[in-house]
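Engineer: Pasting a structure below so you can have a look.
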């Protein structure tokens, strides 16, 4: 009797584990590879996997892992990977960031990272900085636009289409249960060769309209951030070229500068424009210019 109760509890535990999708990096790697295979086989149309693809993915995932998770649970993970791809791609769209395929890390100096995290206010940017994304190439194959033929611009060059996948750090609590998914119609995607084309519905048109607006807003934000970054760099370069230290050094070498004029000049050098003019003038004209500017300031 006790043995039967033990087996019953064990079976109940296994059923509960089967019903909850607790993702690890190795399971995510397997799922990503199955999706890549289906992309290469042409079973993804209009950015959606068709029914044939999802059946293959579900069957092969069970075969490789022993976990009989249903299509909805795998689609939940698909949504997580899509958001992960969007986050990493938005970071790499910035010219100061680079993806290292060998390590999967995203490289940039600490100041650039700090500025990006501050401007974007994205909670996942810190995780990307720490863990990178070793399977970014596979995510590009799965989620990039058809025009790129499954390739992202960062990967165009010497890479072959089929490579092994290494585990990718998860951004959205990979060890926790995922119980919700975005509204997706992937399971209804059918090979366009088997059906007659239909007129887009009002709902799909609205969805495309909202997506276009969201993309425009995101692009505008990125452009503003880039412009702000360029202005900051220009100001920094300007300050470095006409520094207070350089002005004081040249001031110390000048003849005919009394103590009152010296300290008045130091106050004047707090202004970036004044420093630039002073260092740009010929040395025989600097004293006259300083006397005039300091006299005006004194009055």
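Residue numbers (the numbering used here): 2 to 300. Using N, Cα and C, we set each Cβ at its ideal position, and we do this for glycine too.
(1) Pairs of beta-carbons, one from the region 133–144 and one from the region 83–91, closer than 8 Å: are there three or more?
(2) Let me confirm a value: residue 256 is counted as buried when at least 16 other C-beta atoms fall within 10 Å, else exposed. Which label applies?
(3) Can you grab the Cα-Cα spacing for the pair residue 265 / residue 298, in whole Å?
(4) Quick one: Cα of residue 115 to Cα of residue 269, how far?
(5) Note down the Cα distance separating residue 25 from residue 78, rounded to an integer number of angstroms.
(6) Would you call the CB atoms of residue 262 and residue 282 closer than 8 Å?
(7) Under three-state DSSP, which class holds residue 51?
(8) Buried or exposed for residue 220, please, with buried defined as at least 16 other CB atoms from any protein chain shown within 10 angstroms of its CB.
(9) Can you give me the C-alpha to C-alpha distance between residue 223 and residue 125, rounded to a whole angstrom?
(10) Following the continuous alpha helix (DSSP H) through residue 290, name the residue where it begins and the one where it ends.
(11) Is there contact between the region 54–65 and the region 26–38, where contact requires at least three CB pairs shorter than 8 Å?
(12) Would you list the one or two residues that DSSP bridges to residue 46?
(13) With DSSP collapsed to three states, give me the class of residue 25.
Structural biologist: Let me spell this out:
(1) The region 133–144 is in contact with the region 83–91.
(2) Classification of residue 256: exposed, given that the 10 Å Cβ count is below 16.
(3) C-alpha separation (whole angstroms): 8 Å.
(4) Answer to the nearest angstrom: the Cα atoms are 33 Å apart.
(5) Approximately 11 Å, taken between the alpha carbons.
(6) No, Cβ-Cβ distance for residue 262 and residue 282 is not below 8 Å.
(7) Residue state, collapsed to three classes: coil.
(8) It counts as exposed.
(9) Using only the alpha carbons, I get a separation of about 16 Å.
(10) Its alpha helix (DSSP H) spans residues 284–299.
(11) At 8 Å Cβ cutoff, the stretches touch.
(12) 49, per the DSSP bridge assignment.
(13) Here residue 25 sits in coil by DSSP.
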